[in-house]
Amino acid sequence: MKEITPINYYKSRTFICKRCHETVTTIEGALDRRTQFCSDLCSRRYWRHPHQYKKVQ
């Protein structure tokens, strides 16, 4: 019989999107690996023109 591997659950975390500066809170327990951008669209737009955006501290 195969061993069942446990699912990795994440704690909720809050961060600010690098592109749109929205505060994002991930859901506890969901496999949500976002850490810098609120969506894939923000990620793509940021990397096309990274010099246009100011760093968030």
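Heads up: the sequence shown begins at 29 in my numbering, then just goes up one per residue. The beta-carbon is built from N, C-alpha and C at its ideal position, and this holds for glycine as well.
Nearest Cα to Lys39 within the set Glu56, Arg47, Glu50: Glu56. DSSP places Ile44 in the uninterrupted beta strand (DSSP E) bounded by 42-44. Nearest in C-alpha terms to Cys45, of all of Cys66, Arg61, Arg62, is Cys66. Cα atoms of Thr63 and Pro78: separation of roughly 17 Å, rounded to the nearest angstrom.
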